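Enquirer: Numbering (the working numbering), first residue to last: 1464 to 1572. After the structure tokens below, expect a handful of questions from me.
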């Protein structure tokens, strides 16, 4: 009886994991990449301490003093990025994240 319960739980767990991994919306390691970039004004001045929010993944980061940022484990595909700065307000940009790493130049218009 005890063996039957354990094997039933093991089979249920394997089915759950198998279905989750094969669903079309599940992520694989090929669909995750790293993003690096810079946030600038329309006049190409770098923006320090800007907060970036990659909305699809709910990932956040802040630019360094030289306006650069790095973010790991970002989903590949089109993403909306919200960029907030005290001096420049909040701007949303559509960006394309590609497999193998992405470099972004984000201008606050």
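Quick reminder that beta carbons are idealized off the backbone N, C-alpha and C, glycines included. Fair warning: this is a prediction, and the values are worked out from it, not measured in the lab.
(1) Counting C-beta neighbours from all protein chains within 10 Å, is the total for residue 1500 16 or more, i.e. buried, or is it exposed?
(2) Which value, in whole angstroms, describes the spacing of the CA atoms of residue 1546 and residue 1553?
(3) Closer than 8 Å by C-beta to residue 1550: which residues in its own chain qualify, once you throw out the five before and the five after it? Chain order, please.
(4) Based on DSSP bridge pairs, tell me the residues matched to residue 1499.
(5) Please classify residue 1528: does DSSP put it in a helix, a strand, or coil?
(6) Have a look at residue 1561 and residue 1570 and give me their C-alpha separation to the nearest angstrom.
(7) DSSP puts residue 1557 in a beta bridge; with which residues?
Expert: Taking the definition as stated:
(1) Classification for residue 1500: buried.
(2) 5 Å
(3) 1510
(4) 1533, 1566
(5) coil
(6) 19 Å
(7) Beta-bridge analysis with DSSP links residue 1557 to 1543.
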